[in-house]
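Chains as they are written, first to last, in our numbering: chain S, 2 to 182; chain B, 40 to 561.
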Amino acid sequence: MSTRRSFISKGSTIAGVLSLSSTAIIALAPARAWALDLESLTTLQGHTLLVLSRHIFPHDTLDSAVYALVVKDLDTLASDPKVATLLIEGIRRLNEVAGGHWLDISPERQLQIVESIAGGEFFEKVRSTAVISLYNNELAFAHFGYGGSSFERGGYLNRGFDDLTWLPSPPDEASPRRSNR
Amino acid sequence: MKKYDNNDSSVVVIIGSGAGGGTLANELCQKGIGVVVLEAGKRQSTSTFINDEWASFEQLAWRDRRTSSGSWRIATDFPNLPAWVCKTVGGSTTHWSGCSLRMREHEFNALSVYGEIDGASLRNWPLSLGELEDFYDRAEDKLGVTRTHGIPGLPGNNNFKVFYNGAKRVGYRDCHTGHIAINSKPRDGRPACQQIGFCSQGCKTGAKWSTLITEIPAAEATGRLDLRSECHVSRIEHDKSGKVTGVVYFDSNGNEQQQLARIVCVAGNAIETPRLLLMSESSQFPDGLANTSGEVGRNYQRHTTGTVYATFDDPVHMYRGATVAGIISAESDHRPERGFAAGYQLETVSVGLPSIASFLEPGGWGRKVTTPIDDYANMAALWIIGEDLPQSENRITLNRSEEDQWGMPVPNVHYDDHANDVAMRNHGFRQGSAIYDAVGAKRIIQSPPFPSSHNMGTCRMSEEPWFGVVNKWGQTHDIPNLFVSDGSQFTTSAAVNPTLTIVALAIRQADWIALRMGRRDI
Ligand SMILES: Cc1cc2nc3c(=O)[nH]c(=O)nc-3n(C[C@H](O)[C@H](O)[C@H](O)COP(=O)(O)OP(=O)(O)OC[C@H]3O[C@@H](n4cnc5c(N)ncnc54)[C@H](O)[C@@H]3O)c2cc1C
Ligand code: SF4
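Next up, the structure:
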């Protein structure tokens with residue numbers, strides 16, 4: 002995980018390169034490099050929130066580009082000064098407990114500190130944002146194998162709604178054959 | 040579209056256009072009666088529905104502020120969203136998944152069959168299954184319920200295949216794709232299901248019955264329905280004789296309006312209906328309308344629910360196809376030897392990736408939440424839905440310390456789980472887990488209830504006026520021209536999804552209102 006630093010507050014970015022393990026995501030992406038412009042947060046704050054989201058909802062093979070979407074939504078919420086203060090204070094506190102930069106300590110230590118703040122207001126803001134942002138996007142759909150919007154593709158009637166083959170098919174009286182073809 | 044004058048006191052005013060209100064409106068219009076429906080939500084259509092769980096939730100769900108209290112987990116997990124219901128034309132029938140079951144005889148006689156249970160306020164319905172059978176029949180025909188009226192069952196999806204095989208291996212004999220108000224073949228102007236998998240997001244094909252797709256257009260075609268969307272009723276008014284005279288509402292521009300009425304029928308779902316009666320307090324009725332019994336808002340029931348998720352070595356893709364795709368009814372009978380009264384159904388359910396992290400372990404985080412999601416594609420799920428016991432203190436009250444967008448007190452929803460509910464849920468968890476174990480589940484997760492999608496009992500029917508709010512026709516005991524027309528009427532919750540019964544009661548109520556209006560009784 003990159004820990005590039007920047008102290009410029011406006012026009013900061015976080016960036017990364019899709020890891021080769023995310024084949025499903027690479028198929029969707031126009032290019033392997035990604036970057037996210039931040040409006041309210043600094044690059045360092047953005048990175049901290051990205052790593053924090055990963056601790057809260059750890060998926061080892063899920064690309065950081067998807068966690069960056071959580072940061073994007075937190076950055077948008079931080080246009081409200083109250084939220085900005087909550088996030089900045091929360092990050093400050095992480096660093097304080099870490100006795101330096103929380104980002105620089107071992108993942109095990111990082112997690113211990115996250116556990117100590119779980120349930121607090123800052124943690125809840127990040128968790129409740131991540132629980133939606135992380136899973137409600139095409140990259141996550143591709144990664145986890147969810148179909149997303151299906152109406153425009155005619156639903157699953159002819160696209161595998163009953164393609165499971167590792168168990169026997171139920172008899173007709175329990176599950177009639179489709180009658181509308 | 041028909042437009043009645045706000046001072047036209049000959050109309051029937053119906054509050055809410057969901058399962059109860061939308062059905063009642065159509066039935067009355069078909070009989071030549073003029074109806075004004077006031078609906079707080081906007082009107083959507085198959086073309087505006089969205090195949091996206093969260094965006095659809097924002098489009099359709101009731102998100103006005105509510106509070107909750109009590110020992111149920113909802114008060115911790117979703118304190119400001121105690122119920123999952125809709126604010127849109129069609130009400131929660133836009134969200135519902137169509138599972139349509141009749142109540143059974145013993146469920147109408149809960150008190151006699153289960154006996155007095157400590158802490159519960161059980162009563163018998165003032166109604167027998169026999170009296171409702173014809174109306175169930177008409178309701179099933181109207182909704183196009185599969186496996187009734189010669190309508191074939193739906194083909195089972197992958198989630199059903201897992202459920203079915205597990206059921207057979209643990210010895211459940213009867214398991215099938217259910218009685219669902221989703222067309223298995225084209226019928227009544229609605230197409231056949233395309234297995235899109237967004238039933239709870241409105242169904243973009245219209246294969247699923249809803250009052251939006253079926254009842255309201257049919258009522259409009261009579262030229263007798265004046266449907267006013269984005270009109271939020273804040274108060275029901277009455278005269279000195281104690282009869283209701285009309286309603287006050289905020290229109291789509293936020294202006295206060297009044298509509299006079301010959302009869303008012305409240306069908307705002309089981310939280311808003313009692314709230315509105317309570318908010319309509321006056322010097323003559325200081326405890327709210329129709330509340331001399333003190334029962335308005337009490338006996339709130341929401342079904343004993345829980346979800347069992349299981350992951351497997353191989354793919355399931357549960358999101359493909361109908362949300363509720365199969366049922367096991369073997370646990371629905373009253374068999375006290377299991378350690379609890381009444382029973383429950385097991386139904387398949389699918390949860391999309393966008394919302395699964397919120398529901399698996401509400402408020403949770405870390406690997407116990409994410410490890411199962413890593414196997415999302417290989418996941419199956421089922422839902423427990425059982426009869427919960429009415430308790431007098433489980434109730435809707437006005438929370439006067441908080442206001443909604445109209446400056447009205449928000450409803451507080453209080454619910455304590457009864458020991459019977461807890462025992463039943465645990466039994467359901469065990470049986471549901473056994474089903475998945477039997478087909479090789481890798482991991483099983485037992486999740487607590489979602490915000491309540493089934494809401495009942497808060498203006499319950501009773502023979503004696505002191506035990507409830509309405510009589511067997513949904514007419515309030517206190518006020519002859521004030522009716523309750525939704526699930527609030529339920530005396531007990533029964534181990535069946537509520538909507539078919541709500542619709543059957545609305546059809547029956549329409550017949551009775553028309554008869555009484557004809558005789559000038561009301
Ligand atoms: C996701 C989901 C799945 C479901 N699946 C099933 C199922 O498979 N089977 C089943 O039987 N049931 C199911 N249900 C439950 C079913 O939707 C409800 O039981 C049914 O719709 C309730 O009918 P109702 O008339 O009481 O209220 P609703 O259908 O909720 O209608 C109430 C209407 O009143 C309006 N309203 C409320 N207050 C006011 C006011 N003051 N002024 C104006 N308008 C107002 C609301 O906006 C709403 O449109 C499901 C529900 C959900 C959320
Ligand atoms: S699965 Fe069937 S009912 Fe559900 S949304 Fe699709 S077409 Fe409609």
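Ideal Cβ placement from N, Cα and C applies to all residues, glycine included.
CA-CA distance, residue i and residue j?
i	j	result
B:Tyr415	B:Thr350	7 Å
B:Ala220	S:Arg160	23 Å
B:Ile275	B:Leu316	7 Å
B:Gly195	B:Tyr43	47 Å
B:Arg208	B:Val478	8 Å
B:Pro487	B:Val388	14 Å
B:Ala545	B:Asp525	8 Å
B:Gln31	B:Asp103	The displayed coordinates of chain B run from 40 to 561. Any statement about residue 31 of chain B would go beyond what the structure contains.
B:Asp456	B:Gly378	16 Å
S:Leu39	S:Pro82	15 Å
S:Glu90	S:Gly120	15 Å
B:Val542	S:Ala34	55 Å
B:Ala246	B:Pro191	14 Å
B:Ala257	B:Asp173	21 Å
B:His134	B:Trp123	9 Å
B:Pro165	B:Asn510	7 Å
B:Arg162	B:Gly241	35 Å
B:Ile423	S:Asp74	35 Å
B:Ala300	B:Glu426	36 Å
B:Gln98	S:Ser134	18 Å
B:Ser431	B:Gly307	21 Å
B:Arg314	S:Arg179	45 Å
S:His205	S:Arg154	The structure shown has nothing for residue 205 of chain S, since chain S only spans 2 to 182.
S:Pro177	B:Phe468	28 Å
B:Pro411	S:Arg55	16 Å
S:Arg93	S:Gln46	9 Å
B:Arg558	B:Tyr153	40 Å
S:Ala99	S:Ser20	28 Å
B:Val390	B:His493	17 Å
B:Phe522	B:Cys304	4 Å
B:Leu399	B:Asp560	53 Å
B:Val283	B:Arg105	27 Å
B:Ser371	B:Ala159	19 Å
When we look at the beta-carbon of residue i and count the other beta-carbons within 10 Å, is it buried (16 or more) or exposed?
i	result
S:Thr166	exposed
B:Asn292	exposed
B:Lys407	exposed
B:Val50	buried
B:Thr538	buried
B:Trp404	buried
B:His188	exposed
B:Glu254	buried
B:Trp505	exposed
S:Leu158	buried
S:Thr130	buried
B:Val535	buried
B:Asn433	buried
B:Val461	exposed
Give me the Cβ distance between residue i and residue j, rounded to the nearest whole Å; I'm assuming they're in contact under 8 Å.
i	j	result
B:Arg337	B:Thr497	7 Å
S:Ala69	B:Cys214	At roughly 44 Å, the Cβ-Cβ gap does not stay under 8 Å, so S:Ala69 and B:Cys214 are not in contact.
B:Thr409	S:Pro169	The pair is not a contact, with the Cβ atoms about 32 Å apart (cut-off 8 Å).
B:Thr250	B:Thr62	6 Å
S:Asp76	S:Leu104	At roughly 17 Å, the Cβ-Cβ gap does not stay under 8 Å, so S:Asp76 and S:Leu104 are not in contact.
B:Ser322	B:His277	11 Å between Cβ atoms; not a contact.
B:Asp116	B:Pro401	4 Å
B:Lys243	B:Ile235	6 Å
**Study point:** Check your reading: residues with Cβ closer than 6 Å to ligand 2 heavy atoms
**Key:** S:Gly156, B:Ile221, B:Cys232, B:Gln233, B:Gln234, B:Ile235, B:Gly236, B:Phe237, B:Cys238, B:Cys242, B:Thr244, B:Ala246, B:Lys247, B:Gly360, B:Ala361
Practice item. Run through the region 293 to 331 of chain B for me and flag every whole alpha helix (DSSP H) of 4 or more residues, listed as ranges in chain order. Key: 308 to 318
Review point. Residue ranges of each beta strand (DSSP E) run of no fewer than 3 residues wholly in the region 480 to 560 of chain B, ordered along the chain?
Key: 482 to 486, 521 to 523
Review point. In the region 21 to 54 of chain S, which residue ranges form an unbroken alpha helix (DSSP H) of at least 4 residues, counting only runs that do not cross its ends?
Key: 24 to 29
**Study point:** Length at least 4, wholly inside the region 215 to 295 of chain B: the alpha helix (DSSP H) runs in chain order
**Key:** 255 to 260
Check your understanding: Quick one: complete alpha helix (DSSP H) runs, 4+ long, within the region 133 to 181 of chain S?
Key -> 139 to 145
Exercise for review: Run through the region 426 to 480 of chain B for me and flag every whole beta strand (DSSP E) of 3 or more residues, listed as ranges in chain order.
Suggested key: 435 to 442, 448 to 453
Check your understanding: Curious, which full-length alpha helix (DSSP H) runs of at least 4 residues does the region 320 to 402 of chain B contain?
Key -> 392 to 399
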